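What follows is a short report on a single structure.
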Amino acid sequence: MSELTAVQLPEPTVGRLRGTWQPDAPAHLLVAVPGGLYGWGVGRVRGRGGPWPVVRPAAFVLFGLGAVVVATMSGPAVCDRELFWTAEPGPGGAGQRLSAAL
């Protein structure tokens, strides 16, 4: 059985992680739809004269939608098959180890 070790993986440098961003259509929808709906809702509240602090949309965009973008299109997301443990069945695979433990 051959185990993949950290020595065999390319080093995750800042340059490599910044250079591996890839657009992802489902992720764009996952960001654009809630972002558009949130913006529409904020516009409605402000249009009726209601207060809506600027901090709320900024936090939603940076920490909410930004987290989705980073998680789905950044370097770790692009390299997920190489960086994270896969649960592929087969000889010595995670599925086999899990079933043997049960």
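According to the numbering used here, the sequence shown is numbered sequentially starting from 70. Quick reminder that beta carbons are idealized off the backbone N, C-alpha and C, glycines included. Here the structure is a predicted model, which is why all the values come from computation and not from measurement.
Distance between residue j and residue i (C-alpha atoms, nearest Å)
{"i": "Pro-120", "j": "Tyr-107", "result": "15 Å"}
{"i": "Gly-88", "j": "Val-130", "result": "23 Å"}
{"i": "Ala-146", "j": "Val-139", "result": "8 Å"}
{"i": "Val-137", "j": "Ser-143", "result": "10 Å"}
{"i": "Pro-92", "j": "Val-114", "result": "32 Å"}
{"i": "Ala-128", "j": "Pro-103", "result": "14 Å"}
{"i": "Val-83", "j": "Ala-94", "result": "25 Å"}
{"i": "Gly-110", "j": "Leu-86", "result": "35 Å"}
Span of the alpha helix (DSSP H) around residue i
{"i": "Leu-134", "result": "First-last for Leu-134: undefined, no H or E at that position."}
{"i": "Gly-119", "result": "Per DSSP, Gly-119 belongs to no alpha helix (DSSP H) and is neither H nor E."}
{"i": "Val-83", "result": "83 to 88"}
Cut-off 7 Å between Cβ atoms - residues of its own chain near residue i, not counting five sequence neighbours on either side
{"i": "Ala-170", "result": "In this prediction, Ala-170 scores a pLDDT of 44, lower than 50, which makes its location untrustworthy; the coordinate-derived value is nonetheless stated afterwards. Hits under 7 Å: none found."}
Own chain partners of residue i with C-beta closer than 8 Å, once the 5 adjacent residues on each side are dropped
{"i": "Gly-116", "result": "none"}
{"i": "Gly-112", "result": "none"}
{"i": "Leu-134", "result": "Val-100, Pro-103 and Gly-104"}
{"i": "Trp-90", "result": "Met-142, Ser-143, Gly-144 and Val-147"}
Residue i burial status per 10 Å Cβ neighbour count (16 or more: buried)
{"i": "Val-124", "result": "exposed"}
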